[in-house]
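Peer 1:
Numbering (my numbering), first residue to last: 2 to 571.
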């Protein structure tokens, strides 16, 4: 292994030469405090940055054993260290370029990431370094300072426990443990979500995930919904518990209905202290459902919602390259069930009206036998009674769901009230109340949960000679196809999208014409549980910046792939 002086001499030797001379840097160097591993060198100054790792012995990092003795604790510590690395690196300048060293910027959520690996014998940070250039010439002396001086100082200040805020680190770990303990206890209490008293739900702006600084009304639970959790840490958390079943959220415009739903949508992830949503905890498999005109659908059984189309199209294996609002929302819902959801989150504002409701005047004018769409209001109860799938629905313009709701919450200037009795009384006055009845006497409306089976070549297509490529948070380029994820609301980080692209590459290897989509995705998650997120990467060494997506978003990307081909369903 070469040392610091060897690296400095090499950089001095190539100073002023063509940028390609940086290729000679590949390899491992002992810098004393840590090892510097240069895995990939960028081809030119304008290419994506070089991939560099710093490897620190666990003894040198001196992380307390009780903070890293479980996988969940390591996620918390890795997240904390990543944030410290990002903060320190953001202050570095070099060769006229701001932030020549990056590690990926975490958002408000705590996610398993590849940015910092905590292993039994080492702490490894994965950086991207823009090697300095003058035009297309090597700036060797600047690079030497960056790699042999700046990098070790970053490592010492950001990864070595004696230089960290030890209390902040411990609290970061404890918060994640408490959040996930509460999440694990939701089902035990027959709850689907929890919103803590004092939570700050509004965001700073429509394009920001940061909390509103001034003027936000802290959340306060209605007494009829208030529950408390006494956690094993000794912390007690009180707030609004939303039970299983059908919950409708109502209120005037701009009174906080959609804000609450968006908080529940993001509540599938733990949030950092100070975010305001630390104690907005939703079941981890909750999925947001909306209309998505124009999306591709392949072999999805939407017959519980849409049947007997005038065209004669088979809706038990519905396929289209240009779904309407209603067919896309039906497909999104059925695909979420296939992916394993137990909770649907739906906002009237982003739904297809004809998918959601059909009022009495329309039912009288257009008889049921002439209408292929069975509205969601007619299926929301069977979803729960037959499949155990609950729904939280925001409704601002229609009271059609009052008669099928187990409970109704009204938001008034962001303050929730229990208006269930009043809503049920109104439903009774309009003859809208529906009773589930004896389940043994009802005809089952939903088929068994599907497990569609792709062909062996479903993800091996012409034009795909390179790995799948993520472009920001909402787009994946896969061969000749572009997978649009704009409507997949619970993707929160571009690094998750990059990981989904890697998932698609791995799934291409698993699909054999016999293995179902759900089985293949579950198999990959088992590998990640055993060997870590690095297994998704096709590269040795630095895996790139990945953050773990949920299985539901992996399913969503695959379902939107226009080249998907199926054999049959199991």
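Using N, Cα and C, we set each Cβ at its ideal position, and we do this for glycine too.
Please read all numbers here as calculations on a predicted model, not as lab measurements.
1) Quick check on residue 355: does DSSP put it in helix, strand or coil?
2) Take the Cβ of residue 277 as the centre, count every other Cβ of all protein chains shown within 10 Å, and call the residue buried at 16 or more, exposed below.
3) Pull the bridge partners of residue 237 from the DSSP assignment, please.
4) Ignoring anything shorter than 3 residues or poking outside the stretch 62-134, list the beta strand (DSSP E) runs there in chain order.
5) Mind pulling the beta strand (DSSP E) runs of 3 or more residues that sit fully within the stretch 409-452?
6) Going by the beta-carbon positions, is the gap between residue 288 and residue 366 smaller than 8 Å?
7) Nearest by alpha-carbon distance to residue 515: which of 526, 535, 503, 457 is it?
8) Whether or not the stretch 39-58 and the stretch 176-188 are in contact is what I'm after, with contact meaning three or more pairs of Cβ atoms, one per stretch, closer than 8 Å; do they touch?
9) Is residue 51 helix, strand or coil when you go by DSSP?
10) Which residue marks the beginning of the alpha helix (DSSP H) containing residue 258, and which one marks its end?
11) Is residue 376 helix, strand or coil when you go by DSSP?
12) Kindly indicate which residue of 12, 282, 142 has the alpha-carbon position closest to the one of residue 176.
13) Just list the alpha helix (DSSP H) runs in the stretch 512-567, keeping only unbroken ones of 4 residues or longer that don't cross its boundaries, in chain order.
14) Leaving out five residues before and five after residue 81 in sequence, what residues of the same chain have Cβ atoms less than 7 Å from its Cβ?
15) Can you give me the C-alpha to C-alpha distance between residue 394 and residue 348, rounded to a whole angstrom?
16) For residue 111 versus residue 212, is the C-beta distance shorter than 8 Å?
17) What is the residue span of the alpha helix (DSSP H) that residue 173 lies within?
18) Determine the closest residue to residue 324 out of 341, 309, 353, with distance taken between C-alpha atoms.
19) If we call anything under 8 Å between Cβ atoms a contact, is residue 1 one with residue 561?
20) Quick check on the DSSP output: the alpha helix (DSSP H) that includes residue 7 runs from which residue to which?
21) Excluding the five sequence neighbours on either side, which residues of its own chain have a C-beta within less than 6 Å of the C-beta of residue 504, listed in chain order?
22) Out of 104, 316, 328, 308, point me to the one whose CA is closest to residue 296's CA.
23) For residue 286, name the three-state secondary structure that DSSP assigns.
24) Nearest CA to the CA of residue 140: which residue from 9, 253, 248, 343?
25) Under 8 Å by Cβ, that's how I've got residue 326 and residue 563 pegged, so tell me the actual separation to the nearest angstrom.
26) Are the CB atoms of residue 114 and residue 83 within a distance shorter than 8 Å?
27) Closest to residue 308 by CA distance: which of 471, 61, 153, 447 is it?
28) Please say whether residue 356 and residue 381 have beta carbons closer to each other than 8 Å?
29) Check each candidate in 480, 247, 434, 38 and name the one with the smallest Cα separation from residue 565.
30) May I ask you to verify whether the stretch 518-529 touches the stretch 420-440, counting CB pairs closer than 8 Å and requiring at least 3?
31) Verify whether the separation of the beta carbon atoms of residue 46 and residue 137 is less than 8 Å.
32) Roughly how many angstroms separate the alpha carbons of residue 35 and residue 508, rounded to a whole number?
33) Using the Cβ count rule (16 or more neighbours within 10 Å means buried), how would you classify residue 253?
34) For residue 93 and residue 102, I'd like the C-alpha separation in whole angstroms.
35) Looking only at its chain, what residues have a beta carbon closer than 8 Å to the beta carbon of residue 342, apart from the 5 residues adjacent to it on each side?
36) Sorted by chain position, which residues of the same chain lie with C-beta nearer than 7 Å to residue 416's C-beta, five sequence neighbours on each side aside?
Peer 2: This is what the structure gives:
1) Residue numbering aside, residue 355 sits at position 354 when the chain shown is read from its first letter. Here residue 355 sits in helix by DSSP.
2) Residue numbering aside, residue 277 sits at position 276 when the chain shown is read from its first letter. Residue 277 comes out buried.
3) The residue you call residue 237 lines up with position 236 of the chain shown. Partner(s): 231.
4) 117-119, 123-130
5) 416-419
6) Walking along the chain shown from the start, residue 288 turns up at place 287. Walking along the chain shown from the start, residue 366 turns up at place 365. Result no, Cβ atoms of residue 288 and residue 366 do not sit closer than 8 Å.
7) On the chain shown, position 514 is the one that residue 515 refers to. Comparing Cα-Cα distances from residue 515 to each of 526, 535, 503, 457, the minimum goes to 457.
8) no
9) As a first step, residue 51 must be located in the chain shown, where it is residue number 50. It is a strand residue.
10) On the chain shown, residue 258 is found 257 positions in, with the first residue counted as 1. Residues 258-267.
11) To locate residue 376, count along the chain shown from 1; it is residue 375. Coil at residue 376, not helix or strand.
12) Along the chain shown, one-based indexing puts residue 176 at 175. Cα-wise, what sits closest to residue 176 is 282.
13) Within the stretch 512-567, the complete alpha helix (DSSP H) runs of at least 4 residues fall at 518-532, 552-560.
14) Taking the chain shown and counting its residues from 1, the one referred to as residue 81 is at position 80. Around residue 81: 170, 173.
15) Here residue 394 is taken as the residue at index 393 of the chain shown, counted from 1. Here residue 348 is taken as the residue at index 347 of the chain shown, counted from 1. About 6 Å.
16) Stepping through the chain shown from its first residue, residue 111 is reached at position 110. Stepping through the chain shown from its first residue, residue 212 is reached at position 211. For residue 111 and residue 212, no; Cβs fall outside 8 Å.
17) What you label residue 173 is simply residue 172 of the chain shown in a count that begins at 1. Per DSSP, residue 173 belongs to the alpha helix (DSSP H) from 167-187.
18) If you number the chain shown from 1, residue 324 lands on position 323. Considering only alpha carbons, the answer is 353.
19) As displayed, the chain neither begins before 2 nor continues past 571, which places residue 1 out of reach and without an answer.
20) As a working mapping, residue 7 is identified with position 6 in the chain shown. Run containing residue 7: 5-15, per the alpha helix (DSSP H) assignment.
21) To locate residue 504, count along the chain shown from 1; it is residue 503. 555.
22) Along the chain shown, read from residue 1 onward, the residue named residue 296 stands at position 295. Out of 104, 316, 328, 308, 328 has the C-alpha closest to the C-alpha of residue 296.
23) One-based indexing of the chain shown puts residue 286 at position 285. Here residue 286 sits in coil by DSSP.
24) Here residue 140 is taken as the residue at index 139 of the chain shown, counted from 1. Ranking 9, 253, 248, 343 by Cα distance to residue 140 puts 9 first.
25) As a first step, residue 326 must be located in the chain shown, where it is residue number 325. As a first step, residue 563 must be located in the chain shown, where it is residue number 562. The Cβ separation is near 19 Å, so there is no contact.
26) Working through the chain shown from its first residue, we reach residue 83 at position 82. Working through the chain shown from its first residue, we reach residue 114 at position 113. Against a cut-off of 8 Å, the Cβ pair of residue 114 and residue 83 comes out as a contact.
27) Counting from one through the chain shown, the residue named residue 308 turns up at place 307. Comparing Cα-Cα distances from residue 308 to each of 471, 61, 153, 447, the minimum goes to 447.
28) Residue numbering aside, residue 381 sits at position 380 when the chain shown is read from its first letter. Residue numbering aside, residue 356 sits at position 355 when the chain shown is read from its first letter. Cβ atoms of residue 381 and residue 356: not closer than 8 Å.
29) As a first step, residue 565 is located in the chain shown; it is residue number 564 there, counting from the start. Per the Cα distances, 480.
30) no
31) Taking the chain shown and counting its residues from 1, the one referred to as residue 46 is at position 45. Taking the chain shown and counting its residues from 1, the one referred to as residue 137 is at position 136. Yes; because the gap between Cβ atoms is below 8 Å, this pair is in contact.
32) Your numbering for residue 35 matches position 34 in the chain shown. Your numbering for residue 508 matches position 507 in the chain shown. Rounded to the nearest angstrom, the two C-alpha atoms are 36 Å apart.
33) Counting from one through the chain shown, the residue named residue 253 turns up at place 252. When all chains shown are included, residue 253 counts as exposed.
34) Position 92 of the chain shown, counting from 1, holds the residue named residue 93. Position 101 of the chain shown, counting from 1, holds the residue named residue 102. C-alpha separation (whole angstroms): 7 Å.
35) What you label residue 342 is simply residue 341 of the chain shown in a count that begins at 1. The residues are 286, 287, 288, 390, 553.
36) Within the chain shown, the letter at position 415 stands for residue 416. Closer than 7 Å at Cβ, skipping near neighbours: 218, 221.
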